[in-house]
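Accompanying notes for the structure given below.
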Amino acid sequence: MQRRDFIKFGAGFSAAAALPLWSTRVFAAGHPSLPIPPLVKPDAQGQIPLNIQAGKTHFRGANLTTTWGFNGALLGPALHLTRGSNVTMLVTNQLSETTTVHWHGLEVPGNADGGPQATVAPGNTWKPQFQVDQPAATCWFHPHPHHVSGHHVAMGLGGLIVIEDDESSAATLPKSWGADDIPVILQDKRLNNHGQIDYKMDVMSAAIGWFGDLMLTNGAVYPQHVAPRGWLRLRFLNGCNARSLKLAASDKRPMYVIASDGGYLPEPVKVAELPILMGERFEVLVDTSNGKPFDIVTLPVVQMGMVLAPFDNALPVLHIETTSTAGQKNLPDRLAALPAIPSTDGMPHRMLRLAMDSKVDMLGMQALMDRYGEKAMAGMSMDDHEKMKMGSTMAMNGMEDHGMAHGGKSDDKHIDLFNANFINDQAFDMKKPMFDVKKGQYEKWTISGQGDMMLHPFHIHGTQFRILSENGKPPAAHRSGWKDTVHVEDAISEVMVKFDHLAPPEKAYMAHCHLLEHEDTGMMMSFTVSA
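Residues 1 to 531 in full-length UniProt numbering are what the sequence shown spells out, letter by letter.
Here's what the structure looks like:
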């Protein structure tokens, strides 16, 4: 959305939800137990089978919801990989439509990365092979088919990847999976009147993204976890399509961030609140030694459409209780040594400009307000609303001149939604990589969202980078380590990247907005890496 067109917008579920196959316990207080995905290691041949399949999940009400999952009805296992090991993924598609699987955060060659070119047709098996060659980190895997990534993620496909190395194995951190080391996958869903996932790519989704009013944690509604008394390790993933989150403890106890997307920070970083963008991961330690129960909550954020109930107040997403068993007692002073960032003088420089079609953007805003009312535009003054209405009317008139209309109705077929968003004035073209990068060479990338008021979490495949500046400011301490996603919002962000694997034209790497509906509608580019 362009500055001249718009002014910037400011800003208890039923606990009886059924769980994924990982767990069936329900606590007496009414909270379901936090489902813990199994931690799956490669077999003796280095193989991990992943079957993409449909199933049924009970979220709320009387209906079972059709969902998709890896090796089950919803989400998938956590893949446990060790640095230096060779792995073969056996990805079998048991769905009725083509999909892909991307290893988000892994530094692997383009032919194993799982971008939109690496399609797996129904009934077929994809067998990417790669060596794990990066530090300990929490990464994840999810579908990446062009135009429908948002739909496939909304249906439930996703899972964590836990990488370990010698340093992490020796570290004095909580390591008991499912006890004091727990995955926390956060996603919102929207269900229709029949209890089915209500996904549609319309003009509102193309502009705002797809969001819902049902918040899930590891596939369950407001679950509970019982942990030992001591330091509790939470591996957070924002797996939402379009919703940014702001996490905190309900009793305001501090959280200590120990790792970002690509691995450990130099030392724990104390925070009261933890904003987390779509696709990002953070590992956090929380002290539970006082034995008092508390919730992890997500606080209201300033993002269009994301202030609707129940997200207009602190929303609990995970309840924590403790046992009398003693857990990890010490918070480490040091975690990992990060290399110094080299000087960017003389370094190759790329400029990437993110933009959205102003007409589609305007109509998406109007559709949002038509559907949800002015509450969806929280933070706007009356003058701002009038400017929006005037701009929407002008856009509407312009589109009607071309036989177009808005509101997610049947006339959406006349709008080219899948080419409505851009990088360097181009919508994504899978056959045309934007540029070539030399293997092992540092580059400075400047990603500009200036003049565009929308949130763009920008993700780069095939690397873990360092943030030089984020929206014109130095990165926060907990965002200064290894990252694969950077915050871009009406400003300029700069990152230093290096690619250690090849990516040929037919299996190029991607870089894109991780608001999935922006990605699906053109805000993505490909690039190659050559020797």
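Ideal Cβ placement from N, Cα and C applies to all residues, glycine included.
| Check | Outcome |
| --- | --- |
| Residues bridged to Pro-183 (per DSSP) | Arg-235 |
| Residues bridged to Gln-441 (per DSSP) | Answer is none; Gln-441 lacks a bridge partner. |
| Ser-168 to Lys-175 span [Cα, whole Å] | 10 Å |
| Spatial distance of Ala-367 from Val-497 (CA atoms) | 38 Å |
| Sheet register partners of Glu-164 (DSSP bridge) | Thr-82 |
| For Lys-483, the three-state DSSP class (helix, strand or coil) | strand |
| Contact between the stretch 356–365 and the stretch 269–288 (3+ Cβ pairs under 8 Å) | no |
| Neighbourhood of Ala-118 by C-beta distance below 6 Å, restricted to the same chain and skipping five residues each side | Thr-100 |
| His-512 versus Ile-460: straight-line alpha-carbon distance, rounded | 7 Å |
| Where Asp-401 falls, given that 16 or more other Cβ within 10 Å makes a residue buried | Because Asp-401 carries a pLDDT of 41, less than 50, the predicted location of this residue cannot be relied on, and the following value inherits that uncertainty. With fewer than 16 other Cβ atoms within 10 Å, it is exposed. |
| Between the CA atoms of Thr-463 and Ser-530 - distance to the nearest angstrom | 14 Å |
| Candidates Cys-240, Ala-259, Ser-448, Gly-72: closest to Gly-279 by CA position | Cys-240 |
| Nearest neighbour of Ser-244, chosen from Asp-188, Leu-234, Ala-376, Ala-171 [CA to CA] | Asp-188 |
| Cutoff 8 Å; reference Lys-439; Cβ partners in own chain excluding five residues on either side | Phe-499, Asp-500, His-501, Leu-502, Val-529, Ser-530, Ala-531 |
| Cα-Cα separation, Trp-445 to Gln-426 | 17 Å |
| Buried or exposed (CB count within 10 angstroms, at least 16 for buried), Lys-483 | buried |
| Proximity below 8 Å, CB of Pro-228 to CB of Thr-325 | yes |
| Separation of Pro-183 from Ala-112, as counted between CA atoms | 25 Å |
| Proximity winner among His-514, Asp-165, Gly-114, Glu-519, relative to Ile-276 (alpha-carbon distances) | His-514 |
| Distance, Tyr-199 Cα to Ala-337 Cα | 44 Å |
| Buried versus exposed call for Glu-489 [16 or more other C-beta atoms within 10 Å across all chains shown] | buried |
| Meets three-Cβ-pair contact criterion under 8 Å: the stretch 200–211 and the stretch 38–49 | no |
| Straight-line gap, Ala-508 to Ala-62 (C-alpha atoms, nearest Å) | 45 Å |
| Candidates Met-204, Trp-68, Ala-170: closest to Leu-95 by CA position | Trp-68 |
| Assigned secondary structure, Leu-21 (DSSP; H/G/I helix, E/B strand, else coil) | A caution first: Leu-21 carries a pLDDT of 44, below 50, which makes its placement in the model unreliable, though a value can still be read off. Coil at Leu-21, not helix or strand. |
| Residues near Phe-130 in its chain [Cβ-Cβ closer than 7 Å; skip 5 each side] | Val-87, Val-108, Pro-109, Ala-112 |
| Helix, strand or coil at Val-301 [DSSP, three-state] | coil |
| Option nearest Glu-519 by Cα separation, candidates Ser-205, Gly-123, His-478, Pro-122 | Ser-205 |
| Ile-276, enclosing alpha helix (DSSP H) - first and last residue | Segment 274–276 is the beta strand (DSSP E) holding Ile-276; no alpha helix (DSSP H) there. |
| Straight-line Cα distance separating Ala-137 from Glu-470 | 22 Å |
| Outcome for Gln-441 when other beta-carbon atoms lying within 10 angstroms are tallied against a minimum of 16 | exposed |
| Per-residue burial, Phe-435 [other beta carbons within 10 Å of its own, 16 or more giving buried] | exposed |
| Run of the alpha helix (DSSP H) containing Asp-370, from where it starts to where it stops | 358–372 |
| Cβ contact check for the stretch 145–160 and the stretch 65–82: 3 or more pairs under 8 Å | yes |
| Per-residue DSSP class, three states only, for Pro-332 | coil |
| Where Gly-263 falls, given that 16 or more other Cβ within 10 Å makes a residue buried | buried |
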